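If you read the sequence shown in full-length UniProt numbering, its first letter stands for residue 1, the second for the next number, and so on. Even for Gly, the Cβ is constructed at its ideal location relative to N, Cα and C. All figures in this text were calculated on a predicted structure; none of them were measured in a lab. Report on the structure given below.
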Amino acid sequence: MINKIINGQEKICVIGNYLPRQCGIATFTTDLSKAITNELRGENGLINIAMNDKEEGYNYPSEVKLTIQEGNMEEYIKVAQYLNGNNYRAVVIQHEYGIYGGADGEYIIELMKRLDIPVLTNLHTVLENPSFEQRKVMNDLAKYSEKLLVMSRKAFDILTRVYGIPQEIVVFIPHGIPNTTYEDQGIYNDAIGLEGKEIILTFGLLSPGKGLEFMIKAMPAIIKKNPNAVYLILGKTHPNIVKKTGDVYREKLKELIRSLNLEKNVVFHNKFVDQETLVSYIKTSTVYSIPYLNKEQITSGTLAYALGSGAAVVSTPFWHAEELLAEGRGILVPFRDSESLAREINILLSDSEKRENIRRKAYNYVRSMIWSEVAKSYLKVIVECKEKKNINISPKYESEDERRSKRISYELPEIDLSHLKILTDDTGILQHAKYTIPDLNHGYCVDDNARALIVASMYYKLRGDRSIYPFIKKYLAFLNYSFDEKTNRFANLMSYDRRWQENIGSEDSHGRALWALGVTIKNIMDESIRSNAIDLFIYALSVVRDFTSPRAWAFTVLGLSAYLEVNSEDLEKRLIKRILAEKIHSLYKKTVTSDWLWCEETITYSNGILPHALIITGETIDDKDMYNTGIQSLKWLLEIQTAPEGHLSVIGNEGWFAKDREKIVFGQQPVEAMCLLNACLHVYKTTKDPWWLNECKKCMAWFLGENDLKIPIYNYDDGGCRDGLDSHGVSKNQGAESTLAGLISLIKMHEIEDESFK
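This is the structure we're talking about:
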């Protein structure tokens, strides 16, 4: 197999950050890729796919063949398709939670699960106390990787002990280092303008967690005994830190230096250097200092490079340092302890024999970590993975956390109206949100206040909680105010300063208002609320027969059905319901074919309400043809919106689904899942057929994370719902439409919750 790779017949792909992007993983990926390429004796056997954190990307070298915009889910999926179709033997993923899209880097899982070839995942971070989502990501990495690679023994222990990952899929391969000669220290001092100085060096991208302030505070005590000592800080500030806060950390360090009169003894070289230059810097140092603050740092490239270049290291006891500096290969000092740093560095500066002994032990110990050896280890694991018989790329185990995750995915959250109440002010519910903050720029609409009235009245019916009454009255008042008695029509859009943006709203918004009024009439016994709702319902209903929108007809049918549950003797309303349903049914008769069970040429939004209207009317007027058309159409809708893996994958609004065209995947909206769930639930209640209950669960599970991105749309923290799934991932905004769709779905499921859902 290795000869096939060398000859270019088969290829290896490495995915991760890549130089000239400035970060530790980019340096690691670049060095590893070059080392593997050297072992393969040419460039044909390996390509790189680089992660971009900005739209314009970077000026990558030729070995980077493709890039992925970290927040664009569609690009992950396309890369998986490319790798499957182009004779790749293995994919090596450099994993760090922060470099892939999603809150915890979960987008990379969507690429991994689609690959038909072995995946080796090298873990740069292994957390002993992960959040639930971080633990889920790690278990998914194990699930879709042939091997997990770790760079420290501590990481191996945590994966098996904390995550329950089987030992046989975890492989230890140390962090690579340059193959440098062992030389006297200080030989390159003149090249950097510090001839004759005792240099204490720290290098790497600057960020507050590096603890450099504690090393600076140690310098007065060091200078007192070693006046020629200079602390050299090599490296730029981390680009992500600069992007968020500017170079504030460096400026604070400079201020500290000035306050301690250390301008001549602490020097910044503010640059990002290549490997050769970095090794030269390390060889100038008498002592290499690592004052990091994070105990749980599982691997450190700066530490590995320092030891590999013959440095005498004084470090805080983070995990990787404890491992590499054991048995006299370096000196450990407590975290945030400038006094200890000064004491141990002074000892090394004055005791050349001790310093030389530490350097030699460390240098000899890490010889097995040179990049050529690391590359051979990678290739050995790749060969072993591919030569196994009947290799199973599918999940190889299911940990307890995996099982618990599955239960949580199907366990109904309790109903939480917190975000609904945040979006609601004295006027009504606001349309949009920026993240979870109400966005006042877009004001209000009848559509959302109607949905909010449905949620509030359903919630009262379910829980009997009268604290929701003020909200019911508020949303009903908004509908009252939007209604024009001269035209018997609702306006729809209102600006934040309470100015109507139109005189007459859409037919769909009118239909939604009627749906909401019908549900309120059914659920609320309070005389004033019910009487007001009935009056408005009757006036608004008078114009609907002249509408041309099928969805407006369908919403009205749902409202009439709710109204008739408590006013079954109203023959006029029963007739209107029948007429509207027959309008919808006649559309089906014109467009339905054997492979297109739909009433329009394009499937767009809120689709479940159309067959729902036929079903709910057909059963009450005993029209079997109408009923069966509705059932068949709803089943077909569910079929075309179910992914091969079995989860719901609703039609996206980035182009919809036109007849004889491909279904659009992204732009998936919660309102579609809600309408499907609502229709399925009605069928289940009337037939008791468990198949329909399972479809309800599938629709609800879409909100809870069983979707194309495997990310919850529902926000467990506040009861809000994100605005949808698009090609860049899950929307971070929680507007009214999505939140209300989630709440309607959740309340509906609570109505029929049973043990099978848990």
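Query: Exposed unless 16 or more other CB atoms sit within 10 angstroms - verdict on F132; Result: exposed
Query: Complete runs of the alpha helix (DSSP H) confined to the region 466–493 [at least 4 residues]; Result: 469–482
Query: From K271, Y144, E373 and A342, residue whose alpha carbon lies closest to that of F214; Result: A342
Query: Three-state secondary structure (DSSP) of R463; Result: helix
Query: Rounded Cβ spacing between K462 and G719 (contact assumed at less than 8 Å); Result: Sequence check: residue 462 is Leu here, not Lys. About 14 Å separates the two Cβ atoms, so there is no contact after all.
Query: Residues near G511 by beta carbon distance below 8 Å, same chain, minus five either side; Result: V544, F547, S549, R551, A552, W553, A554, F555, T556 and G559
Query: Residue from T180, F272, M626 and F537 whose Cα sits closest to the Cα of L19; Result: F272
Query: Cβ shell of N357 (< 8 Å), same chain only, five flanking positions each side left out; Result: G328
Query: Close beta carbons around Q297, own chain, < 7 Å, minus the five adjacent residues each side; Result: F318, W319 and H320
Query: Residue ranges of each alpha helix (DSSP H) within the region 191–270, 4 or longer; Result: 212–225, 239–245 and 248–259
Query: First and last residue of the uninterrupted alpha helix (DSSP H) at V64; Result: Unbroken run through V64 is the beta strand (DSSP E), V64 to Q69; no alpha helix (DSSP H).
Query: Rounded distance between the beta-carbons of L149 and I415, thought under 8 Å; Result: The Cβ separation is near 44 Å, so there is no contact.
Query: Residue range of the beta strand (DSSP E) that includes P438; Result: I437 to C445
Query: Closest residue to S727 among A679, S738 and G667 (Cα-Cα distance); Result: G667
Query: Cβ-based neighbour list, E502, same chain, cut-off 7 Å, excluding 5 preceding and 5 following; Result: A491, N492 and L493
Query: Nearest-angstrom Cα separation, counted from V119 out to N390; Result: Model confidence at N390 stands at a pLDDT of 36, short of 50, so the residue's coordinates are unreliable and nothing is read from them.
Query: Contacts around G428, its chain only, beta-carbon distance under 7 Å, and the 5 residues preceding and following it disregarded; Result: Y444, N449, K474, Y475 and F478
Query: Residues that G630 bridges to, as DSSP identifies them; Result: DSSP lists no partner for G630.
Query: Contact between the region 700–710 and the region 44–57 (3+ Cβ pairs under 8 Å); Result: no
Query: Neighbourhood of F28 by C-beta, 8 Å cutoff - its chain only, sequence neighbours within 5 removed; Result: G16, Q94, H124, H175, G176 and G301
Query: Close Cβ partners of S568 (< 7 Å) along its chain, the five nearest in sequence each way excluded; Result: none
Query: Whole-number beta carbon distance between Y563 and G618, since they are thought to touch under 8 Å; Result: About 18 Å; that fails the 8 Å criterion.
Query: Runs of alpha helix (DSSP H) lying entirely within the region 564–613, each at least 4 residues, in chain order; Result: 571–591
Query: 8 Å contact criterion, which S606 and E695 should meet: CB distance rounded; Result: Wrong, their Cβ atoms sit about 17 Å apart, outside the cutoff.
Query: DSSP-derived helix/strand/coil call for V126; Result: coil
Query: Those residues which DSSP pairs with I370 across a bridge; Result: I177
Query: Beta-bridge pairing of M51 - partner residues as DSSP gives them; Result: I68
Query: Residue span of the beta strand (DSSP E) that contains S315, given as start and end; Result: V313 to S315
Query: Three-state class that DSSP yields for K389 in the structure shown; Result: With a pLDDT of 33 at K389, under the threshold of 50, the modelled position of this residue cannot be trusted; read the value that follows with caution. It is coil, neither helix nor strand.
Query: Beta-carbon proximity check, Y100 vs M51, cutoff 9 Å; Result: yes
Query: Cβ pair I640, K663 closer than 9 Å; Result: yes
Query: Simplified DSSP assignment, three categories, for A90; Result: strand
Query: Reference A540, options E507, S528 and L571, closest by Cα; Result: E507
Query: Exposure label - N129; buried when at least 16 CB within 10 Å; Result: exposed
Query: Collapsed DSSP secondary structure at T620 in the structure displayed; Result: coil
Query: Host beta strand (DSSP E) of S289 (start-end); Result: S285 to I290
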